[in-house]
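Novice: Quick one: structure below, then a few questions.
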Amino acid sequence: MLIAQAIIDGILVGGFYALMAAGLTLVFGVMDIVNFAQGALVVLGAYLSYALSVHLNIDPFLSLLITVPATSLLGVAIYWVLIKPIKRDRVVMSLLVMFAVATLIEGILDWVFKSNLVQVHASYVNKSFQLGRLNFPAIYLYAFALSVGLLALLYTLIYRSRFGRSLRASMQNPVAARMVGINTDRVSAITLGIGIGLAAAGGMVFGTTNAFNAASSYDLISRLLVIVILGGFGSISGALVAALLMLVIQDVVAVVWSPVWGQTTFYLVLVVVLLLRPQGLFGRRAVRAQ
Amino acid sequence: MSVLTVEEVRKSYGGVQALRGCTMAFAEGAVNGLIGPNGSGKTTLFNVMTGYERPDAGRVLLRGRDMTQATPDAVFAAGVGRTFQLTRIFPRLTVLENVHVAAQRRGLLGQLRRWTSGAEHERALEALDFVGLTRLSREPAGSLSYGQQKLLEFAFIMVASPSVMLLDEPAGGVNPTLLRHLAGRIKALNAQGVTFVIVEHDMEFVMGICDQVSVMHNGAALMEGSPEKVRSDPAVLDAYLGTDVSAAEA
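Listed below in structure tokens is the structure:
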């Protein structure tokens, strides 16, 4: 029964890790940059929901109506102000820019909120549902439903809209995309906005299920990178499967063996998969057509 | 009348001067050839004319309108489509989706529309039919042969109804049967008023299809004229063979 509970917990938590990782892998797929600021942006989203909850008494889920558009606009601004002007070594310089953004966000959050651990509260955070001997924490269920909804929306946007077709074209061959008149700068800016908006949504869930401070971003970005590398950089479905797989394995190992090994297994699985399949579970050896 | 004009265009990469004050004009409604030895600057000139490279100096004019600083998507929107030496397609989209991407309306509002309109779909099917790829429309574009990918690239440029098409080595790596098919399509579109500028090393193809030919050498225009005139010009032979043919004959 403990193992069944661990599997359920792993799936529920894996759902919102998939949400945060989807933003990271989407940005890499279109722009070829690893958004090192994703962890800090998740924590920013958590703090925004926390501030709205504490000061304006806004429900964490409702706060997404404010935080997601606001952080999406921040993403668009980051692209136009910091990334687009880079003329040389754009991929490498973008990494440094996003690292600088992460450091800046962390510094500001630490200055504003201090380093005390906080958590986003709502009436249902400590409630849970029972099904036989299985326990379903309400916040995890709601968060999982939110993740499924947002990922379905993302899927519809990517595979059932003109913008999504332009986005996929830009991912596969940016030169050809420009050749047929796609404004790849605009696609990149909107993609970064979507990626960071997803980080904010994940941040709200992270903030309601964990005590956090500005430094929490380091653990988050390492975990998100593991998920994205395991799923295959640029693959959204890969990120989804990898998130569920990693969190389930971690939780099962934690129950069967020990919580310490649960954490370690997270990274051991990555090493094993990369040895057997270096491009990740769903990655392609040549992501871009030449 | 000239449709595309470049005036005194210069472009350097480090210490290498790819274009050295190149001035050239391409006639409206014609099939224009652009030839020259390897490294003469043809592809760089294409890149400058289509917004992929900014010239260090000089101007690019499209029917008198200054396009020197235009981005590739703006050049495309102005009615200039181009292909590359190596095919540029979307390998994991289907053949039909490739053409849909090119057919769909631009602009933010156009992007927010849900899916392909009936008119856009019809145009995409017509383009595929035009190049003979209809039966492969549901296949991933990456599974096509190189020659078929060239035809697909041609289709997804023409579906946007450009008034000028710049083709960079369309004959490269294409088998003779597909090449004849491609030549036929170029002639058919030209008869409908589309202007072509074609960079090509296959002289038989160039001389057979072009109304006039411009020659580049060392990053500048060497001469222009009818295919017959260019073929027999000693300066062109010098440029290609690297010897002073006229002096040798004397």
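So the protein lines, in turn, are chains C and G. For the first sequence, the numbering used here gives the first residue as 1355, with consecutive numbering after it. For the second sequence, the numbering used here gives the first residue as 339, with consecutive numbering after it. A virtual CB, placed ideally from N, CA and C, is assigned to each residue, including glycine.
Valine 1430 (chain C) CB to nearest chain B CB: under 8 angstroms?
Specialist: Note that chain B does not occur in the displayed structure, where the protein chains are C and G.
Novice: Let's see if you can read the secondary structure: which residues bound the alpha helix (DSSP H) around arginine 1442 (chain C)?
Specialist: For arginine 1442 (chain C), no alpha helix (DSSP H) run applies, since DSSP gives it neither H nor E.
Novice: Using a cut-off of 8 angstroms between C-beta atoms, extract the partners of glutamine 442 (chain G) located in chain C.
Specialist: Arg1516, Arg1519, Ser1520
Novice: Roughly how many angstroms separate the alpha carbons of leucine 1505 (chain C) and glutamine 407 (chain G), rounded to a whole number?
Specialist: Cα-Cα distance, rounded: 39 angstroms.
Novice: To be precise: take each residue of the region 1533-1550 of chain C, compare its Cβ to all Cβ atoms of chain G, and keep it if any distance is under 7 angstroms. Which residues remain?
Specialist: The residues in question are Met1533, Val1534, Gly1535, Ile1536, Asn1537.
Novice: Could you check whether the region 1472-1489 of chain C touches the region 1570-1579 of chain C, counting it as contact only if at least three pairs of C-beta atoms, one from each stretch, sit closer than 8 angstroms?
Specialist: Because the criterion of three Cβ pairs below 8 angstroms is not met, the region 1472-1489 of chain C and the region 1570-1579 of chain C do not touch.
Novice: What does DSSP give as the partner residues of asparagine 1489 (chain C) in its beta bridges?
Specialist: Its beta-bridge partners are C:Gln1484.
Novice: In whole angstroms, what separates the C-alpha of valine 1602 (chain C) from that of serine 1524 (chain C)?
Specialist: 33 angstroms
Novice: Any idea what DSSP makes of valine 1367 (chain C), helix, strand or coil?
Specialist: The DSSP-derived three-state label of valine 1367 (chain C) is helix.
Novice: What separation, rounded to the nearest whole angstrom, lies between the Cα atoms of valine 439 (chain G) and proline 1632 (chain C)?
Specialist: A direct Cα-to-Cα measurement between valine 439 (chain G) and proline 1632 (chain C) gives close to 32 angstroms.
Novice: If we count the other Cβ atoms within 10 Å of its Cβ and call it buried at 16 or more, is tyrosine 1496 (chain C) buried or exposed?
Specialist: buried
Novice: Tell me valine 551 (chain G)'s beta-bridge partners as DSSP assigns them.
Specialist: Beta-bridge pairing links valine 551 (chain G) to G:Gly371, G:Gly563.
Novice: So, with DSSP's three-state summary, where would you put methionine 362 (chain G)?
Specialist: Assigned with DSSP and collapsed to three states, methionine 362 (chain G) falls in strand.
Novice: For glycine 485 (chain G) versus leucine 357 (chain G), is the C-beta distance shorter than 8 angstroms?
Specialist: no
Novice: Measure how close the beta-carbons of isoleucine 1357 (chain C) and valine 1609 (chain C) come, nearest whole angstrom, since I'm counting them as under 8 angstroms.
Specialist: The beta carbons of isoleucine 1357 (chain C) and valine 1609 (chain C) sit about 6 angstroms from each other, so the pair counts as a contact at 8 angstroms.
Novice: Helix, strand or coil, according to DSSP, for glycine 1503 (chain C) in the structure here?
Specialist: helix
Novice: Measure from the C-beta of glutamate 435 (chain G) to each C-beta in chain C and report whether the shortest distance is under 8 angstroms.
Specialist: At least one C-beta of chain C is nearer than 8 angstroms to the C-beta of glutamate 435 (chain G).
Novice: Taking a Cβ distance cut-off of 9 angstroms, strictly less, list which residues of the region 1590-1602 of chain C are near chain G, in chain order.
Specialist: none
Novice: Strictly below 8 angstroms CB to CB, what residues from chain C border arginine 646 (chain G)?
Specialist: For chain G, the structure presents residues 339 to 588; residue 646 (chain G) sits outside this window and is missing.
Novice: Using a C-beta to C-beta distance shorter than 9 angstroms, which residues of chain C count as neighbours of alanine 498 (chain G)?
Specialist: Val1534, Gly1535
Novice: Grab me the residues of glycine 374 (chain G)'s own chain with a C-beta within less than 6 angstroms of its C-beta, minus the 5 sequence neighbours each way, in chain order.
Specialist: Lys380, Val553, Met554, His555
Novice: Between the region 398-430 of chain G and chain C, which residues of the former have CB atoms less than 8 angstroms from a CB of the latter, in chain order?
Specialist: Thr409, Pro410, Asp411, Phe414, Ala415, Gly419, Arg420, Thr421, Phe422, Leu424, Arg426, Ile427, Phe428, Pro429, Arg430
Novice: Looking at leucine 490 (chain G): is its Cβ nearer than 8 angstroms to the Cβ of asparagine 436 (chain G)?
Specialist: yes
Novice: Are the region 460-477 of chain G and the region 1561-1574 of chain C in contact at 8 angstroms, needing three or more beta carbon pairs?
Specialist: no
Novice: For phenylalanine 384 (chain G), which residues in chain C fall below 7 angstroms Cβ to Cβ?
Specialist: Residues of chain C passing the Cβ test: none, with the nearest at roughly 11 angstroms.
Novice: What residues from chain C crowd round valine 439 (chain G), counting only those whose CB sits closer than 8 angstroms?
Specialist: Arg1519, Ser1520, Ala1523, Ala1531, Val1534, Ile1536
Novice: Out of C:Gly1364, C:Gly1556, C:Val1502, point me to the one whose CA is closest to serine 1591 (chain C)'s CA.
Specialist: C:Val1502
Novice: Do arginine 1533 (chain C) and arginine 420 (chain G) have their C-beta atoms within less than 8 angstroms of each other?
Specialist: According to the sequence provided, residue 1533 (chain C) is methionine. The question's arginine does not apply to it. The Cβ atoms of methionine 1533 (chain C) and arginine 420 (chain G) lie closer than 8 angstroms to each other.
Novice: Kindly indicate if chain C contains any beta-carbon less than 8 angstroms away from that of phenylalanine 534 (chain G).
Specialist: no
Novice: Looking at serine 475 (chain G): is its Cβ nearer than 8 angstroms to the Cβ of leucine 434 (chain G)?
Specialist: yes
Novice: In three-state DSSP terms, what is phenylalanine 1341 (chain C)?
Specialist: No statement about residue 1341 (chain C) is possible, as the shown extent of chain C runs from 1355 to 1644 and does not include it.
Novice: For the candidate residues G:Pro565, G:Asp394, G:Leu399, whose alpha-carbon lies nearest to that of valine 544 (chain G)?
Specialist: G:Pro565
Novice: For a contact defined as C-beta to C-beta under 8 angstroms, what are the partners of phenylalanine 494 (chain G) on chain C?
Specialist: Val1534
Novice: Relative to the C-alpha of glycine 417 (chain G), which residue among G:Leu424, G:Thr388, G:Ile427 is closest?
Specialist: G:Thr388
Novice: Starting from serine 340 (chain G), follow its DSSP beta bridges and name the residues at the other end.
Specialist: G:Ala365.
Novice: Which residue's Cα is closest to the Cα of asparagine 370 (chain G): G:Arg518, G:Asp576, G:Thr533, G:Ala577?
Specialist: Considering only alpha carbons, the answer is G:Thr533.
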